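Trainee:
2 protein chains.
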Amino acid sequence: MEIVFKPSSLKTKVSIVDFIKRVEKLGKDDPRRIMHSFKVALAITLVSMVYYLRPLYKGIGDAGIWAILTVVVVFEYTAGATLCKGMNRGLATLVAGVLGLGAKYFASLFGPKAEPIVLGCLVFVLVAAATFTRFIPHIKRRYDYGVLIFILTFSLVAVSGYRVDKILELAHQRLSTIILGGATCIIISLCVCPVWAGEDVHNLIISNLEKLSRFLEGFGGEFFQFTAEGDKADESKETDKSFLVAYKSVLNSKATEESLANFAWWEPGHGNFRFSHPWKQYMKIGVLTRQCAYHIEALNGYLDHSKFQASSDFGKSVQEPCTKMSMEAGKALKELALSIKSFSYPSNSIMHLQTSKKMVKEVKTTLQTSLVGEWDLLETIPIITVASILIDIVKCIDSIFVAVEGLSEQARFTKSLNESEKSHLCSGEVVQSVPHDDQDKGFVAVMIHKIFP
Amino acid sequence: MEIVFKPSSLKTKVSIVDFIKRVEKLGKDDPRRIMHSFKVALAITLVSMVYYLRPLYKGIGDAGIWAILTVVVVFEYTAGATLCKGMNRGLATLVAGVLGLGAKYFASLFGPKAEPIVLGCLVFVLVAAATFTRFIPHIKRRYDYGVLIFILTFSLVAVSGYRVDKILELAHQRLSTIILGGATCIIISLCVCPVWAGEDVHNLIISNLEKLSRFLEGFGGEFFQFTAEGDKADESKETDKSFLVAYKSVLNSKATEESLANFAWWEPGHGNFRFSHPWKQYMKIGVLTRQCAYHIEALNGYLDHSKFQASSDFGKSVQEPCTKMSMEAGKALKELALSIKSFSYPSNSIMHLQTSKKMVKEVKTTLQTSLVGEWDLLETIPIITVASILIDIVKCIDSIFVAVEGLSEQARFTKSLNESEKSHLCSGEVVQSVPHDDQDKGFVAVMIHKIFP
């Protein structure tokens, strides 16, 4: 019997150890998660102690339950989300309470027999209407929780069995406990190691740009495989894999980015972010970054063919300008990320962008001259395609530059005097030297319109 | 004064009319939204009437509040989401209630003075631990709401000022009202015009495939612009735009797809979906569909160049096989969508897939023979790139086919006898004739692993 059980108990042990390791990793990846857990625990313990200790308990009464409930549902990971929920809850409770009282008074005019029917109809109509408004994108984005609490409070007040004068006392009690709970959440969330949604969306945009940059910087070497054989190649292989896969997370970053930007809207000014920081512009950069990532995804499929291209003459002639174009495009992106990180005008990326554009011309000429003569199609087609997609990527990066420039103006990034002179000289050139894809712009406009209708 | 106010009042009128129109459109786009609003209103009215009518009110007591609260927070748009929240709420309340009682008993052993301190510590530790588990992906996906309710109920029970015997009575009351509220939600959600998350994810996958199919079917004509001039072209222009943009929604479909598939997991069998329908396989198809959409996004950038290609000789020679390849690839996708829609084996798409693969070979030969001689690079590069990306898309569609085939097996799609014979003859050929990209598979594996770690 023991022998039969041992493997399974060993298995459980292994899976428990595995589970603990994974949980540990979660905490190590972002220690703010552990801090958040303690913050929530602190808020609930504080509020529940107020409720538990008798002298205060007598004051607040049974409604103290609502303080705990408020903390549990309002306390979110980021400060913006907590503020959003707290404000929504407070306001919705107030509005719904007043409307509920009105409904009760209105129904009482019909006499005690008709009252329940009238009240039932009122609750039905208002709840149906309020539920439907939750489908309206603008309301869903910003006031979804408020509408939920509106429905809850309105039903509770309208249906409560008490007379109006007792309700007023109850409402006062309940509102004060909700304010107590909400204020505890908001104060702890804003003051104890705050997690700002604004900072998170700022960092997300930066890290996404950096991921694309790393791919582009490494792509040339990977595709044409001009790295030296031996130890070095082996060593680099491990890091290789990470930069070739890292960009994939950019493809699906839309949902996170949008919700963070929405919560950032609620946050007060902090650090380098003013109250009316241009979060919309971040989303614009995000849309363009993803567009660039889609092209990179198409590019990524060609890394498999790379084995035989290194040897072909055609490949060798295109290798240098292509690699340099990709490298410079990557550097331009890196500088863009850096300028957002340091809240400064993206003047350093102009140079790299211009070099990469020069390389676009050179790649085109090289292709033109090299293509004369007969080549093995299996070798030339992937190279031409890769070069062509890389040229598209340079175009994408140009529009990202314009968007980051827009951000730097709207958020008043620092711009030293000679930098501002430089930008006057260069940015016009940058913007005009490659004509912008009208379609891309249209798409951005459509996307932005969808995000902010 | 009147003149000053009129424009603004006119403006308000216009914006109100605009708002009403938009709300109307929301309802028309998906009438189930209106139905959902009425369902929620019905559930709340029913539960609140139970609470309002005196004889019943006396039985359930003040805890009736919890029935309304349960309905408000548990009733979600899809049946799966409602079930998920309802089950989570019921189970979490039970577990937390028992644990809370245990904590209370344990704390009382320390004497009345130390009791609040011990209780405070217990609440702090358990809440912190529970909050942290909400960051674990698996728990976040399926039991997030349950953990929230666990925290709430545990704090409430542990901190309530009552003795244990009164708590038992209270717990019985509260649990029964929560069950009343939850059952009302689940019954109405499942029986009155149910909105199945499973059906939604099924339809989403189908419509995504159809969107890509429409793009591919129209792309050849659009890129090479061989449509006749005049009235016909004008007529088609309006539909053109929709099919050229429709696929863009596929790019960002991941979040919706995942949450729907997660909720579908909770749903009982209905219609053609059994209880253990392979929802994971739908996500696999979704990942591959998006991969295909990324390539299409790269392709879409080349539609701008199309003006001058129509005239070039090189373009004319490649036009026919390329257009046919794109068309057949589109048809293969359409047939895949149709087979999922009709729950039948995707035998019809095999033919189109094979034709499109034949065209891949033909395109390659045509390129090879046409490329001899000197061509204007500005004309040839986009055409070669487009052909090359189209070839990648055919590869993508092949892996989508394999995934749909997997779904048809796992979900036991109908397969007529001669169809099953056909598939025996053909599917092996299909699977083997184009070698699968190992990298793609790896990516899918990584994605799937992320979704179901």
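First to last, the protein sequences are chains C and L.
Positions 1 to 453 (our numbering) are the ones given, in order, by the first sequence.
Positions 1001 to 1453 (our numbering) are the ones given, in order, by the second sequence.
Note that the Cβ used here is the ideal one computed from N, Cα and C, for glycine as well.
This one's a predicted model, so the numbers in the text were calculated from it and none came from an experiment.
#1: The alpha helix (DSSP H) spanning L46 (chain C) covers which residue range?
#2: Ordered along the chain, which non-local residues of its own chain (more than five positions away) have a Cβ less than 8 angstroms from that of V123 (chain C)?
#3: Can you find the residues in the same chain that come closer than 7 angstroms, C-beta to C-beta, to E1238 (chain L), ignoring five residues on each side of it along the sequence?
#4: DSSP puts H270 (chain C) in a beta bridge; with which residues?
#5: Please tell me whether A998 (chain L) has its Cβ less than 7 angstroms away from any Cβ of chain C.
#6: Put T78 (chain C) into one of helix, strand or coil per three-state DSSP.
#7: Going along chain C, which residues have a C-beta under 8 angstroms from S1176 (chain L)?
#8: Confirm the yes/no value for this check: CB of F1343 (chain L), any heavy atom of the ligand GDP, distance under 6 angstroms.
#9: For A67 (chain C), tell me which candidate among C:H138, C:K361, C:Q173 and C:I151 has the shortest Cα-Cα distance.
#10: Could you check whether C292 (chain C) and L204 (chain C) sit closer than 7 angstroms to each other, using their CB atoms as the reference points?
#11: Are any of the Cβ atoms in chain L nearer than 7 angstroms to that of M283 (chain C)?
#12: What separation, rounded to the nearest whole angstrom, lies between the Cα atoms of A79 (chain C) and I1016 (chain L)?
#13: Please check if any C-beta of chain C sits within less than 7 angstroms of the C-beta of L1156 (chain L).
#14: Compare the C-alpha of I117 (chain C) against each of L:F1263, L:L1299, L:V1050 and L:Q1410 and name the closest.
#15: Helix, strand or coil for S1344 (chain L) per DSSP?
#16: On the DSSP bridge list, what partners appear for T1414 (chain L)?
#17: Label A114 (chain C) either buried or exposed according to how many other C-beta atoms from any shown protein chain fall within 10 Å of its C-beta, with 16 as the threshold for buried.
#18: Over the uninterrupted alpha helix (DSSP H) stretch that includes P1137 (chain L), give me the two end residues.
#19: Measuring alpha carbon to alpha carbon, tell me which residue in C:T131, C:D392 and C:R32 is nearest I1034 (chain L).
#20: Anything in chain C within Cβ reach of G1090 (chain L), meaning under 8 angstroms, just list it in chain order.
#21: Return the chain-ordered list of same chain residues with a C-beta closer than 8 angstroms to the C-beta of L367 (chain C), the five sequence neighbours on each side being excluded.
#22: What residue does the alpha helix (DSSP H) around S207 (chain C) start on, and which one ends it?
#23: How would you list, in chain order, the residues of chain L whose beta-carbon sits under 7 angstroms from the beta-carbon of N252 (chain C)?
#24: Are the C-beta of L1128 (chain L) and some C-beta of chain C separated by less than 7 angstroms?
#25: Can you give me the C-alpha to C-alpha distance between E1362 (chain L) and K357 (chain C), rounded to a whole angstrom?
#26: By how many angstroms is the C-alpha of F243 (chain C) removed from the C-alpha of G218 (chain C)?
#27: In or out: E1409 (chain L) buried (at least 16 other Cβ within 10 Å) or exposed?
#28: With a threshold of 8 angstroms on Cβ separation, who are the neighbours of A96 (chain C) within its own chain once the five nearest residues in sequence on each side are excluded?
#29: Output, in chain order, the set of chain C residues within a Cβ distance shorter than 7 angstroms of V1123 (chain L).
#30: Taking buried to mean at least 16 other C-beta atoms within 10 Å of its own C-beta, is N262 (chain C) buried or exposed?
#31: Going along chain L in order, which residues have a C-beta closer than 7 angstroms to the C-beta of F132 (chain C)?
#32: Write down the C-beta distance between I1397 (chain L) and L1353 (chain L) rounded to the nearest angstrom, noting that I regard them as a contact closer than 8 angstroms.
#33: What do you reckon, are the CB atoms on V192 (chain C) and K39 (chain C) nearer than 7 angstroms?
#34: Kindly provide the ranges of any alpha helix (DSSP H) runs that are 4 or more residues long and lie completely inside the segment 80-109 of chain C, ordered along the chain.
#35: L1190 (chain L): which of L:E1267, L:S1207 and L:V1125 sits nearest, CA to CA?
#36: From the beta carbon of P1116 (chain L), is the nearest beta carbon of chain B less than 7 angstroms away?
Mentor: Put simply:
#1: Residue numbering aside, residue 46 (chain C) sits at position 46 when the first sequence is read from its first letter. It spans R32 to Y52 - the alpha helix (DSSP H) in which L46 (chain C) sits, taken as one unbroken run.
#2: Within the first sequence, the letter at position 123 stands for residue 123 (chain C). For V123 (chain C), where only same-chain residues beyond five positions count, the Cβ hits under 8 angstroms are A103, F154, S155, A158 and V159.
#3: Stepping through the second sequence from its first residue, residue 1238 (chain L) is reached at position 238. Any reading at E1238 (chain L) needs caution, since the residue's pLDDT is 49, under 50, leaving its predicted position unreliable; the model's value is listed next. The answer is none, since no qualifying residue turns up.
#4: Taking the first residue of the first sequence as position 1, residue 270 (chain C) is located at position 270. For H270 (chain C), which the question treats as bridged, DSSP gives the partners C:F273.
#5: Absent from the model: residue 998 (chain L). The displayed extent of chain L is 1001 to 1453, so no value can be given.
#6: Stepping through the first sequence from its first residue, residue 78 (chain C) is reached at position 78. Of the three classes helix, strand and coil, the one that applies to T78 (chain C) here is coil, per DSSP.
#7: Counting from one through the second sequence, the residue named residue 1176 (chain L) turns up at place 176. The premise fails here: S1176 (chain L) is roughly 18 angstroms from chain C at the closest Cβ pair, so nothing lies under 8 angstroms.
#8: As presented, the structure is devoid of all ligands, the ligand GDP included, so that no description of it is given.
#9: Here the question's residue 67 (chain C) lines up with position 67 in the first sequence. It is C:Q173.
#10: The residue you call residue 204 (chain C) lines up with position 204 of the first sequence. The residue you call residue 292 (chain C) lines up with position 292 of the first sequence. The answer is no: Cβ separation not under 7 angstroms.
#11: The residue you call residue 283 (chain C) lines up with position 283 of the first sequence. Answer no: the Cβ-Cβ gap between M283 (chain C) and chain L never drops below 7 angstroms.
#12: As a first step, residue 79 (chain C) must be located in the first sequence, where it is residue number 79. As a first step, residue 1016 (chain L) must be located in the second sequence, where it is residue number 16. Those two C-alpha atoms are separated by around 34 angstroms.
#13: Counted from its first residue, the second sequence places residue 1156 (chain L) at position 156. For L1156 (chain L), the answer is yes, since a Cβ of chain C falls inside 7 angstroms of its Cβ.
#14: Locating residue 117 (chain C) in the first sequence gives position 117, where the first residue counts as 1. Of L:F1263, L:L1299, L:V1050 and L:Q1410, the residue nearest in Cα terms is L:V1050.
#15: By one-based count along the second sequence, residue 1344 (chain L) stands at place 344. S1344 (chain L) sits in a strand when the DSSP states are folded into three classes.
#16: Taking the second sequence and counting its residues from 1, the one referred to as residue 1414 (chain L) is at position 414. For T1414 (chain L), which the question treats as bridged, DSSP gives the partners L:S1344.
#17: Walking along the first sequence from the start, residue 114 (chain C) turns up at place 114. Classification of A114 (chain C): exposed, given that the 10 Å Cβ count is below 16.
#18: Against the second sequence, residue 1137 (chain L) aligns to sequence position 137. Where P1137 (chain L) is concerned, the enclosing alpha helix (DSSP H) stretches over P1137 to V1159.
#19: Counted from its first residue, the second sequence places residue 1034 (chain L) at position 34. Residue C:T131 is the option with its Cα nearest to I1034 (chain L).
#20: For the purposes of this step, residue 1090 (chain L) is taken as residue 90 along the second sequence, with counting starting at 1. Residues of chain C passing the Cβ test: none, with the nearest at roughly 17 angstroms.
#21: The residue labelled residue 367 (chain C) in the question sits at position 367 within the first sequence. Once the five neighbours on either side are set aside, the close Cβ partners of L367 (chain C) are V318, I384 and A387.
#22: Residue mapping note: residue 207 (chain C) aligns to position 207 of the first sequence, counting from 1. S207 (chain C): member of the alpha helix (DSSP H) spanning A197 to F224, first to last residue.
#23: Residue mapping note: residue 252 (chain C) aligns to position 252 of the first sequence, counting from 1. Correct list: K1254.
#24: Here the question's residue 1128 (chain L) lines up with position 128 in the second sequence. It is Ala, not Leu, that sits at residue 1128 (chain L) in the sequence shown. At a cut-off of 7 angstroms, the C-beta of A1128 (chain L) has a neighbouring C-beta in chain C.
#25: Walking along the second sequence from the start, residue 1362 (chain L) turns up at place 362. Walking along the first sequence from the start, residue 357 (chain C) turns up at place 357. Roughly 35 angstroms between the two C-alpha positions.
#26: As a first step, residue 218 (chain C) must be located in the first sequence, where it is residue number 218. As a first step, residue 243 (chain C) must be located in the first sequence, where it is residue number 243. Rounded to the nearest angstrom, the two C-alpha atoms are 8 angstroms apart.
#27: Within the second sequence, the letter at position 409 stands for residue 1409 (chain L). Exposed: under 16 other Cβ atoms inside 10 Å.
#28: Position 96 of the first sequence, counted from the start, is the residue given in the question as residue 96 (chain C). Here the set comprises I149, F150, I151, L152, T153, F154 and V157.
#29: Within the second sequence, the letter at position 123 stands for residue 1123 (chain L). Correct list: I44, T45 and S48.
#30: Mapped onto the first sequence, residue 262 (chain C) falls at position 262. N262 (chain C) should be labelled buried.
#31: The sequence position of residue 132 (chain C) within the first sequence is 132, counting from 1. Per Cβ cutoff of 7 angstroms: R1033, I1034 and S1037.
#32: Reading the second sequence from its first residue, position 397 is the one you call residue 1397 (chain L). Reading the second sequence from its first residue, position 353 is the one you call residue 1353 (chain L). For a cut-off of 8 angstroms, the C-beta gap from I1397 (chain L) to L1353 (chain L) is around 7 angstroms, short enough to register as a contact.
#33: Taking the first sequence and counting its residues from 1, one reaches residue 192 (chain C) at position 192. Taking the first sequence and counting its residues from 1, one reaches residue 39 (chain C) at position 39. Yes, these two residues count as a Cβ contact at 7 angstroms.
#34: none
#35: Your numbering for residue 1190 (chain L) matches position 190 in the second sequence. Among L:E1267, L:S1207 and L:V1125, the Cα nearest to that of L1190 (chain L) belongs to L:E1267.
#36: In summary, chain B is missing from the structure at hand, where the protein chains are C and L.
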